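Numbering (this note's numbering), first residue to last: 295 to 420.
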């Protein structure tokens, strides 16, 4: 089922007779999966898959003096989780971790707490 068809079926104003409940169930399943991908997952609940770039919420508890206004203010970024540590994501970072297992340059500072993560959205088709 296409996303557009699922949206059409789930629209409260849409009226259509169905031969079976299967299309409605499929549209509901797709909607639930889409909602799950937009949920912020607490890091205390579970980590993401290793080396899978994800959106993160982070808080700096001890910023440098020129960033003092950011102390304990939630921010957003993209990061990867690898061997129980967080790294600021870039394709170079990902390659270094995959090939060598280390990348000190991009490792998240000890003063920064990553509190939540969520999967990146799917790429557009076409």
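Ideal Cβ positions, reconstructed from N, Cα and C, are used throughout, including at glycine. Bear in mind that the values here come from a model prediction, so they are computed numbers and not experimental data.
Collapsed DSSP secondary structure at residue 320 in the structure displayed: Position 26 of the chain shown holds residue 320. Reduced to three states, the DSSP call for residue 320 is helix.
For residue 359, which three-state DSSP category applies? Along the chain shown, one-based indexing puts residue 359 at 65. In the three-state reduction of the DSSP assignment, residue 359 falls in the helix class, which pools H, G and I.
Cutoff 8 Å; reference residue 388; Cβ partners in own chain excluding five residues on either side: For this step, residue 388 is matched to residue 94 along the chain shown. Correct list, in chain order: 345, 347 and 374.
Alpha carbon to alpha carbon, how far is residue 309 from residue 343? Give it in angstroms, no decimals. Translated into the one-based positions of the chain shown, residue 343 becomes position 49. Translated into the one-based positions of the chain shown, residue 309 becomes position 15. When only Cα atoms are considered, residue 343 and residue 309 end up about 41 Å apart.
Give me the Cα-Cα distance between residue 400 and residue 382, rounded to the nearest whole angstrom. Here residue 400 is taken as the residue at index 106 of the chain shown, counted from 1. Here residue 382 is taken as the residue at index 88 of the chain shown, counted from 1. Cα to Cα, the separation comes out at about 5 Å.
Please name the residue, chosen from 339, 354 and 299, that lies closest to residue 365 on a Cα-to-Cα basis. Along the chain shown, one-based indexing puts residue 365 at 71. Ranking 339, 354 and 299 by Cα distance to residue 365 puts 354 first.
Less than 8 Å between the beta carbons of residue 318 and residue 303, yes or no? Within the chain shown, residue 318 is the residue found at index 24, counting from 1. Within the chain shown, residue 303 is the residue found at index 9, counting from 1. By the CB criterion at 8 Å, residue 318 and residue 303 fall inside the cutoff.
Below 7 Å CB to CB, which residues in the same chain sit around residue 340 once its five sequence neighbours on both sides are set aside? The sequence position of residue 340 within the chain shown is 46, counting from 1. So no residue of the chain qualifies.
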